[in-house]
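Novice: Read in order, the letters of the sequence shown are residues 0 to 292 in numbering that gives the first Met the number 0. One structure, as structure tokens, below. Some questions next.
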Amino acid sequence: MQLLDGKFASEKIKTEIAAEAAAFLTQSGRKPHLVAILVGNDGGSETYVASKMKNCEKVGFKSSLFRYDNSVTEAELLAKIEEINKDTDVDGLIVQLPLPKHIDPEKVTETIDYRKDVDGFHPVNLGRMMRNLPCFIPATPYGILLMLQAYNIDTTGKHCVVVGRSNIVGSPMSILMARNANPGNCTVTLTHSKTHNLKEMVLQGDIVVAAIGRKNFVTADMVKPGAIIIDVGINRETSTETKSGYKLFGDVDFENVAPKASWITPVPGGVGLMTIVGLLKNTLASAKGEIYS
Ligand code: NDP
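See below:
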């Protein structure tokens with residue numbers, strides 16, 4: 000078994016991003032600028048946004064955070080998004096999910112200008128991705144592609160089984176792995192909670208992408224020997240063992256699956272770090288006008 004080490008891959012790519020951001024600053028007199036909106040005080044969301052902001056500073060981007068209480072109205076939030084859409088100093092805008100129940104996430108996603116949608120959730124970007132046109136690829140699937148690239152893993156002709164069909168991870172991942180590209184060129188099976196014989200399906204995977212949200216869901220008996228295992232899950236449990244007061248677990252039973260796998264991502268230290276790299280790459284591409292001019 001070999002580790003797909005998110006720390007190694009993300010640091011390597013962030014060094015390249017930092018060099019490009021410095022060149023962009025010299026040429027344009029400004030830094031790539033990412034704006035995040037955070038509503039409420041969900042522990043996970045706080046951590047993710049803080050990490051995104053910290054990584055922006057690290058690579059020489061400007062970052063701004065707008066925080067709102069859970070009581071913010073949908074109209075107030077949409078008005079702020081419209082304002083940021085018009086700000087020519089902003090290259091990327093993300094609204095951290097989940098949102099309180101009284102705010103429609105679809106409306107929020109569609110209000111973000113697709114030319115600043117560096118999370119890649121807007122229907123225009125998803126549609127362009129389907130057609131293999133330049134677009135912002137959703138940050139987590141993009142991060143997974145970058146991880147596979149960093150380790151020179153040839154996915155051509157392999158059977159990729161994706162577990163989970165969310166709009167932000169599972170569904171876009173299935174499309175990307177089936178595209179005529181490398182990474183890609185896979186035969187893809189997309190599975191979910193209504194799939195019959197899930198174990199038999201996953202057992203066929205040369206590559207398994209687990210994006211379910213259930214601790215240790217993928218067990219050793221579900222995995223073909225030599226499979227490549229990508230664990231997207233982030234399951235937080237309170238713990239007295241750690242300084243932060245919680246511990247993270249993936250969707251894969253790492254301890255028992257790893258000995259059977261050829262490659263595997265750990266949690267933490269795997270896909271989560273690469274998601275931030277995907278976001279940074281999208282923000283840089285936006286600043287440079289590489290996707291939409
Ligand atoms: P969602 O809850 O939106 O989707 C979960 C998917 O898993 C659904 O499609 C659901 O099926 C499927 N599922 C649930 N239970 C089963 C089951 N018993 N058998 C088969 N399929 C099942 O989650 P997300 O995609 O947003 O996130 C998945 C995980 O990834 C979470 O742990 C999340 O925290 C993590 N995550 C990590 C990121 C990172 O950067 N590492 C980024 C984003 C998410 P159905 O559609 O039928 O309900």
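Every residue, glycine too, gets a C-beta built ideally from N, C-alpha and C.
Can you list every residue whose CB sits closer than 5 angstroms to some heavy atom of the ligand NDP, going in chain order?
Specialist: That gives T139, G163, R164, S165, V168, H191, S192, A210, I211, G212, V231, G232, I233, V270, G271, T274.
Novice: Quick one: which unbroken alpha helix (DSSP H) runs of 4-plus residues sit fully inside the segment 55 to 119? Chain order, please.
Specialist: For the segment 55 to 119, whole alpha helix (DSSP H) runs of length 4 or above, ordered along the chain, are 73 to 85, 104 to 110.
Novice: Mind pulling the alpha helix (DSSP H) runs of 4 or more residues that sit fully within the segment 189 to 273?
Specialist: Complete alpha helix (DSSP H) runs here, min 4: 197 to 202, 253 to 256.
Novice: With burial defined as no fewer than 16 other Cβ atoms inside 10 Å of the residue's Cβ, what is the status of S243: buried or exposed?
Specialist: The residue in question, S243, is exposed, as its Cβ has fewer than 16 Cβ neighbours within 10 Å.
Novice: Under the DSSP definition of a beta bridge, which residues are partnered with V161?
Specialist: According to DSSP, which records beta bridges pairwise, V161 is partnered with L189, V208.
Novice: Do the CB positions of R29 and Y291 come within less than 7 angstroms of each other?
Specialist: Against a cut-off of 7 angstroms, the Cβ pair of Y291 and R29 comes out as no contact.
Novice: Can you give the Cα-Cα distance for V162 and A209, rounded to whole angstroms?
Specialist: Cα to Cα, V162 sits roughly 5 angstroms from A209.
Novice: If I measure Cβ to Cβ from A21 and keep anything under 7 angstroms in the same chain, skipping five residues before and after, which residues do I get?
Specialist: Within the same chain, A21 has close Cβ partners G59.
Novice: Please list, in chain order, all residues of the same chain as P171 whose beta carbon is under 6 angstroms from its beta carbon, the five residues on each side excluded.
Specialist: P137, P140.
Novice: Between the segment 121 to 131 and the segment 241 to 257, can you find at least three pairs of beta-carbon atoms closer than 8 angstroms?
Specialist: The segment 241 to 257 is not in contact with the segment 121 to 131.
Novice: Work out the CA separation of R164 and L125 for me, nearest whole Å.
Specialist: Roughly 14 angstroms between the two C-alpha positions.
Novice: On the CB-based measure, 16 or more other CB atoms within 10 Å of its CB, does S70 come out buried or exposed?
Specialist: Its Cβ having fewer than 16 others within 10 Å, S70 is exposed.
Novice: CA-CA distance, T72 and V107?
Specialist: The alpha-carbon atoms of T72 and V107 are separated by roughly 12 angstroms.
Novice: Are the beta-carbon atoms of N281 and F135 separated by less than 7 angstroms?
Specialist: Yes. Within cutoff.
Novice: Report buried or exposed for M297, applying the criterion of at least 16 other Cβ atoms within 10 angstroms of its Cβ.
Specialist: The requested residue 297 is not part of the displayed model; the chain covers only 0 to 292.
Novice: So, for P267: in the same chain, excluding its five sequence neighbours on each side, which residues have a beta-carbon less than 7 angstroms away from its beta-carbon?
Specialist: Excluding residues within five positions, the ones whose Cβ falls inside 7 angstroms are L247.
Novice: My output table needs one value for I167: the three-state DSSP class, helix, strand or coil.
Specialist: Reduced to three states, the DSSP call for I167 is coil.
Novice: Looking only at its own chain, which residues have a Cβ that is under 7 angstroms from the Cβ of G269, when we skip the five neighbours before and after it?
Specialist: So the list reads L3, G5, D230, once near-sequence residues are dropped.
Novice: Per DSSP, which one or two residues make a beta bridge with Q1?
Specialist: DSSP, once it has assigned bridges, lists W262 as partnering Q1.
Novice: Alpha carbon to alpha carbon, how far is L197 from I167?
Specialist: Roughly 21 angstroms between the two C-alpha positions.
Novice: Can you tell me whether DSSP reads L132 as helix, strand or coil?
Specialist: It is coil, neither helix nor strand.
Novice: Alpha carbon to alpha carbon, what distance is there between T241 and I12?
Specialist: If I take the Cα positions, the gap works out to 29 angstroms.
Novice: In whole angstroms, what separates the C-alpha of G91 from that of N215?
Specialist: One C-alpha to the other measures close to 34 angstroms.
Novice: Could you tell me the distance, in whole angstroms, from the CA atom of I275 to the CA atom of I174?
Specialist: C-alpha separation (whole angstroms): 21 angstroms.
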